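Colleague: Residue numbers (the numbering used here): 5 to 132.
Encoded as structure tokens, here's the structure I'll be asking about.
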């Protein structure tokens, strides 16, 4: 499978990376399609994969009084799973699920953490 080129991607976070930082990622990026209502990250489960959206949307929600409350949305501008991983956490109390199906690129936690360790510039970009 050919590796994605930075200039052809829709994800704004991937496009904003310095070329040297982006170059660390393509060997680890896997294309994936996310389906409506699919849970991308379950509450209190280990965040083993992160997801750059190219199309579609992921809702970040929490539960309160038995109801799901949306606290954020991630689209082609971002990365699902970024917060717990960038802050050296293993899990998140939130549920990330798909309200609008789409495509994107998965990357494993270990590969992404290695890229963050190797590039302070990439870590700063992600924490903005």
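The beta-carbon is built from N, C-alpha and C at its ideal position, and this holds for glycine as well.
Predicted model, so just to flag it, every value in this text is computed and none were measured.
1) Can you tell which of 68, 55, 73 and 108 has the C-alpha that lies nearest to the C-alpha of residue 88?
2) Taking the alpha carbon of residue 32 as the point to measure from, which residue in 43, 40, 8 and 64 has its own alpha carbon closest?
3) What separation, rounded to the nearest whole angstrom, lies between the Cα atoms of residue 50 and residue 91?
4) Any idea what DSSP makes of residue 83, helix, strand or coil?
5) Are residue 10 and residue 26 close, meaning C-beta to C-beta below 8 Å?
6) Between which two residues does the alpha helix (DSSP H) holding residue 122 run?
7) Which value, in whole angstroms, describes the spacing of the CA atoms of residue 36 and residue 69?
Modeller: From the atom records:
1) Put simply, of 68, 55, 73 and 108 the residue whose alpha carbon is nearest the alpha carbon of residue 88 is 55.
2) 8
3) Whole-angstrom Cα-Cα distance: 14 Å.
4) strand
5) yes
6) Here the alpha helix (DSSP H) through residue 122 covers 113-122.
7) 33 Å
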